[in-house]
Amino acid sequence: MRPLPLVLLCLASGLLGILTAVLLHPQGGLDQGVSPVISELLPEPEPPPPPPPTRDELVVFKQDQSLELLRTDGTRVEIGYHSAVLDPRWISIDFFGGWNREMEANEDVQALLFTSGPTFARGQGNGELGMVLHGDLMLANGTWRAGNLTAARERAWMGITKDGTLEFGYGPLTPELEQELQLFIGGLHAFTNTTRQPPESYEGVYGEMKLADVRIIYGLRPDGKLELVETADGVYFPDLEQFVKQKGFLAAYLPDHASKSRLIIPGTRLWSEEQAVWVSGGKPSITQMPFLLKVTPSTEWINQQPAASDALIGG
Numbered sequence: 126m127r128p129l130p131l132v133l134l135c136l137a138s139g140l141l142g143i144l145t146a147v148l149l150h151p152q153g154g155l156d157q158g159v160s161p162v163i164s165e166l167l168p169e170p171e172p173p174p175p176p177p178p179t180r181d182e183l184v185v186f187k188q189d190q191s192l193e194l195l196r197t198d199g200t201r202v203e204i205g206y207h208s209a210v211l212d213p214r215w216i217s218i219d220f221f222g223g224w225n226r227e228m229e230a231n232e233d234v235q236a237l238l239f240t241s242g243p244t245f246a247r248g249q250g251n252g253e254l255g256m257v258l259h260g261d262l263m264l265a266n267g268t269w270r271a272g273n274l275t276a277a278r279e280r281a282w283m284g285i286t287k288d289g290t291l292e293f294g295y296g297p298l299t300p301e302l303e304q305e306l307q308l309f310i311g312g313l314h315a316f317t318n319t320t321r322q323p324p325e326s327y328e329g330v331y332g333e334m335k336l337a338d339v340r341i342i343y344g345l346r347p348d349g350k351l352e353l354v355e356t357a358d359g360v361y362f363p364d365l366e367q368f369v370k371q372k373g374f375l376a377a378y379l380p381d382h383a384s385k386s387r388l389i390i391p392g393t394r395l396w397s398e399e400q401a402v403w404v405s406g407g408k409p410s411i412t413q414m415p416f417l418l419k420v421t422p423s424t425e426w427i428n429q430q431p432a433a434s435d436a437l438i439g440g
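One rule links them: number in the working numbering = place in the sequence shown (from 1) + 125.
Structure representation (structure tokens):
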């Protein structure tokens, strides 16, 4: 057979095949037959991660709130409080050491807020601070071990894992926790914890408390965020227990309290002599603090900001 007729025969066969396919699949069957196979072979693209919150969104502060509680005896009481909500994925915590630095904290533009840490006692330890911690601290700027090892073992902790998850547990800082966590605040009182059972040896820091004081609460919200609460003066422990239940906290721990309660938000809620007298129950004698916990934006958050904003976040 000559080449030209052979070519014509091939073309005719091809056209006949196309015509047959069109007649059998009038709605574009060739495309429909191939595309499902391709879509099965190609995985769905991963959605881009959500952008980090703005600096103003890193701490959501609400003041002058109130919550009405029904006591077990049928009476009602209204608890006043302020609160600050923080996302653990985007924050870091530093040890802000030094006696009576509250006024400095007011002016610290790098900080999101300052608050109370674990209890302490005056004594030989921690250099010029002259105090002994009742719990271990592993923070962004260093690790401070408890001077009272018994207290550290008998108390509770709040920590943030390396993937930004907020956790509440019991006992001192162990080598295992050092590997799992990026931040650890020990020496706390476990008021409530629905996420983890306490060990049999855990008895709690406080016995039956009958005094009414200002309280700072570290609360684990159902959305995984940290809520720092400063209650009004005159809150009794049974009322505080009802308060954290009604707030819906999965866990609620107490750091140092009463006249040692601190919640300072630079530029928004400043420390003052009036505030000092208020947390001391109206007494002119103010309890001095050798350190505070300083909450700042995390390195991950800073690295995701435009270069033009470096000056605003302190470099």
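Every residue, glycine too, gets a C-beta built ideally from N, C-alpha and C.
Starting from residue i, follow its DSSP beta bridges and name the residues at the other end.
i, result
"residue 344", "352, 377"
"residue 285", "291, 308"
"residue 394", "390"
"residue 239", "389, 419"
"residue 245", "258"
"residue 268", "263"
"residue 383", "Partner(s): none; residue 383 has no beta bridge."
"residue 401", "In DSSP, residue 401 forms no bridge with anything."
"residue 318", "376"
"residue 360", "338"
"residue 313", "281"
Rounding to the nearest angstrom, what Cα-Cα distance links residue i and residue j in this structure?
i, j, result
"residue 351", "residue 345", "5 Å"
"residue 343", "residue 309", "13 Å"
"residue 244", "residue 190", "27 Å"
"residue 323", "residue 294", "8 Å"
"residue 192", "residue 203", "6 Å"
"residue 318", "residue 376", "4 Å"
"residue 326", "residue 301", "20 Å"
"residue 180", "residue 349", "19 Å"
"residue 237", "residue 328", "34 Å"
"residue 365", "residue 407", "21 Å"
"residue 400", "residue 286", "34 Å"
"residue 291", "residue 248", "32 Å"
"residue 168", "residue 176", "24 Å"
"residue 234", "residue 395", "12 Å"
"residue 170", "residue 265", "35 Å"
"residue 355", "residue 341", "5 Å"
"residue 429", "residue 178", "10 Å"
"residue 224", "residue 381", "15 Å"
"residue 397", "residue 255", "25 Å"
"residue 201", "residue 367", "11 Å"
"residue 369", "residue 303", "29 Å"
"residue 197", "residue 182", "38 Å"
"residue 425", "residue 194", "40 Å"
"residue 172", "residue 431", "22 Å"
"residue 427", "residue 371", "35 Å"
"residue 174", "residue 199", "49 Å"
Might you give, ordered along the chain, the residues of its own chain that have their beta carbon closer than 7 Å to the beta carbon of residue i, omitting 5 neighbours on each side?
i, result
"residue 159", "Residue confidence for residue 159 is low, a pLDDT of 49 falling below 50, so the modelled location carries little weight; the figure read from the coordinates is stated next. Excluding residues within five positions, none has a Cβ falling inside 7 Å."
"residue 283", "293, 310, 313, 343, 378"
"residue 232", "391"
CB-CB under 8 Å to residue i, same chain, minus the five flanking residues each way: which ones, in chain order?
i, result
"residue 417", "221, 226, 227, 230, 239, 240, 241, 242, 387, 389"
"residue 357", "204, 205, 206, 339"
"residue 261", "268, 269, 270, 271, 277, 282, 297, 298, 309, 311, 312"
"residue 320", "292, 293, 345, 375, 376"
"residue 273", "246, 257, 258, 259"
"residue 347", "373, 375"
"residue 415", "222, 223, 224, 245, 251, 254, 255, 256"
"residue 306", "263, 284, 285, 286, 287, 292"
Looking only at its chain, what residues have a beta carbon closer than 6 Å to the beta carbon of residue i, apart from the 5 residues adjacent to it on each side?
i, result
"residue 276", "259"
"residue 384", "404, 405, 412"
"residue 315", "281, 378"
"residue 214", "289"
"residue 353", "209, 240"
"residue 279", "none"
With a threshold of 7 Å between beta carbons, is residue i in contact with chain C?
i, result
"residue 316", "Protein chains in the displayed structure number just one, and chain C is not present."
Where in the stretch 185 to 233 do unbroken runs of the alpha helix (DSSP H), each at least 4 residues long, occur, reported from the N-terminal end onward?
Complete alpha helix (DSSP H) runs here, min 4: 227 to 231.
Quick check: the stretch 406 to 421 against the stretch 217 to 225, are there 3 or more CB pairs under 8 Å?
yes
On the three-pair Cβ rule with 8 Å, is the stretch 388 to 396 touching the stretch 361 to 369?
no
I'd like to know if the stretch 201 to 212 and the stretch 175 to 187 are in contact, where contact means that at least 3 CB-CB pairs between them fall below 8 Å.
yes
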